[in-house]
Structures are given as structure tokens and as C-alpha cells.
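The structure appears right after this line, and notes come after that.
Structure (C-alpha cells):
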């Protein structure tokens, strides 16, 4: 049961960024995204990945690494579209 709940939580964490990514990409506008919030979110996922590696908690590492990629995508688009907009 714990594995099912953990997997569901990981999938929710990872996919929660997808709507924001698609919206930003489609509209080429990230003005409603907070740079500070996503900067902190990316930092959070980096720390969780480090924790997972150090404790050899591979489900934590993998789930947070995937979420890190998604959150970083939002942050990169925020930077990119503010510079080109």
C-alpha cells in the first residue's frame, strides 16, 4: 500500500507542472509565473535529489529528479520569454 501511495504522490508531483509548461509554451508568455517561487521550487527539488542520493532512497531520488526537470523547464521558459518578450 505504501508503494502505491508513494507512486501516486510521485506522479502527481511530476505531472503537476505539465499544465503550466504547456500554457507558457503555447502562449509564449510566462509573466504570471513567479521567478522567486520557481527558483525556490527548483532549489527544493535539488535538495530532495541530494537527500535521496545520500540516503540511497532511489524512489525519492528518481521522483524528485523528474519533478526537478519539470520545474526547471518552467523556470527556463520564464527566463527565455522575458528576455525575448
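Residue numbers (the UniProt record's numbering): 1 to 85. Glycine residues also receive a C-beta, built at the ideal position from the N, C-alpha and C atoms. Bear in mind that the values here come from a model prediction, so they are computed numbers and not experimental data.
Notebook entry, point to check: Cβ atoms of residue 67 and residue 13: under 9 Å apart, would you say?
Noted result: Closer than 9 Å, so yes.
Next item on the list: Measuring alpha carbon to alpha carbon, tell me which of 4, 37 and 6 ends up nearest residue 17.
Entry: Taking the Cα of residue 17 as reference, the smallest distance to any Cα among 4, 37 and 6 is reached at 37.
Note to self: Assuming residue 77 and residue 10 are in contact, meaning their beta carbons sit under 8 Å apart, how far apart are those beta carbons, in whole angstroms?
What the structure shows: Here residue 77 is actually not in contact with residue 10; their C-beta atoms are around 23 Å apart, not less than 8 Å.
Margin query: If I follow the unbroken alpha helix (DSSP H) through residue 135, where does it start and stop?
Written below: The structure shown has nothing for residue 135, since the chain only spans 1 to 85.
Notebook entry, point to check: From residue 42 to residue 59, what does the alpha carbon distance come to, in whole angstroms?
Noted result: Using only the alpha carbons, I get a separation of about 18 Å.
Notebook entry, point to check: residue 82: which of 53, 2 and 34 sits nearest, CA to CA?
Noted result: Nearest option by C-alpha distance: 34.
Item checked: Residue nearest to residue 71 in terms of C-alpha spacing, selected from 40, 1, 7 and 2 -> Each of 40, 1, 7 and 2 was checked against the Cα of residue 71, and the nearest Cα belongs to 40.
Next item on the list: Would you identify the three-state DSSP class for residue 72, choosing helix, strand or coil?
Entry: Three-state DSSP puts residue 72 in a helix.
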